[in-house]
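Residue numbers (this note's numbering): 6 to 279.
Yeah, the Cβ is synthetic: ideal placement off N, Cα and C, and Gly gets one too.
Okay, structure first, notes after.
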């Protein structure tokens, strides 16, 4: 994410490559990330010494992997399609709002990715403790993760709420007043709720780590559905501001569902297959 932002600034502000520069920045950043991730995985896998050479194909293992991966793939696909609907609403308000939204969403995504990284750590923690038969450790790990996530939200809230105009200046020049206004408005509406979405993402970590992928999908999809629905409902009255106001409605619904599902996992009401 950091590399993507740096390359965006480099290709657009320095090399003046425009939209093509944004595309190349994303392609290069994700490509480097993929290579680094694969290299790290390969090195770490070599540390595990197996007594016998593994077979080329294991149908039961494939099924277990698919049971975890397919719901996540479907969720990401639905999110991508849903974001197109949101973008369609944004496009109605002209190039200035589009530019402001694009810059603000990049900043927002950077913050959310940081919270998601903490959720990924909690996911590993959950899986390891459930595998060891120590379910009672989950609440302690969850509380620790929540504390860390709340600490992480503080600098993002301060930067995005109080210094949002300067942050938007990373993507837009001072002459783009309408675009900056739209981006600032977006950031000031969503950043105060980072504490809530960070808790939701910590809860997601526990849900994913327990293998309850159906819960994960059920808690995530309503976020997008409500965001789209309220964007359509609020824009006739509030204009582009209604789009930004729709985000908290989705976050509230998703957070409530994830906490409910978390309680079922911790109390043992959800039967976990190891």
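Check, Outcome
"Determine the closest residue to residue 75 out of 269, 236, 213 and 38, with distance taken between C-alpha atoms.", "213"
"Where do the ends of the alpha helix (DSSP H) carrying residue 229 lie?", "218-243"
"Kindly list the residues whose CB is nearer than 7 Å to the CB of residue 263, restricted to its own chain and excluding five residues on each side of it in sequence; keep chain order.", "205, 208, 209, 212 and 224"
"When DSSP labels each residue in this structure, what does residue 267 get in the three-state scheme?", "helix"
"Hey, residue 251 and residue 235 are a contact pair by Cβ (cut 8 Å); roughly how many whole angstroms apart?", "4 Å"
"Measuring CA to CA, which of 29, 200, 69 and 186 is closest to residue 121?", "200"
"Does residue 111 come out as helix, strand or coil in the three-state DSSP assignment?", "helix"
"In chain order, which continuous runs of the alpha helix (DSSP H) of length 4 or greater are located wholly inside the segment 132-207?", "143-162, 169-173 and 182-195"
"With a threshold of 16 other CB atoms inside 10 Å of the CB of residue 279, please say whether the residue is buried or exposed.", "Here residue 279 scores only 44 on pLDDT, less than 50, and its place in the model should not be relied on; the value that follows carries that caveat. Exposed is the call here."
"Using C-beta distances below 8 Å, list every residue in its chain close to residue 177, excluding the 5 sequence neighbours before and after it, in chain order.", "104, 105, 108, 184, 185 and 188"
"Once you ignore the five residues that flank residue 253 on each side, which residues in its own chain have a CB closer than 6 Å to its CB?", "198"
"Are the C-beta atoms of residue 128 and some chain B residue less than 9 Å apart?", "The structure shown contains no chain B; it is built from a single protein chain."
"Assign residue 13 to one of two classes, buried (16 or more other C-beta atoms within 10 Å of its C-beta) or exposed (fewer than that).", "buried"
"Report the residue from 256, 7 and 62 whose alpha carbon sits nearest the alpha carbon of residue 118.", "7"
"Thinking residue 203 and residue 158 are a contact (beta carbons under 8 Å), I'd like their distance in whole angstroms, please.", "5 Å"
"Taking C-alpha atoms, which residue in 245, 128, 88 and 136 lies nearest to residue 233?", "88"
"In this structure, how does DSSP classify residue 272 when only helix, strand and coil are distinguished?", "coil"
"What three-state label does DSSP hand residue 50 in the structure shown?", "helix"
"Rounded to whole angstroms, what's the CA-CA distance from residue 15 to residue 182? Just pull it up for me.", "22 Å"
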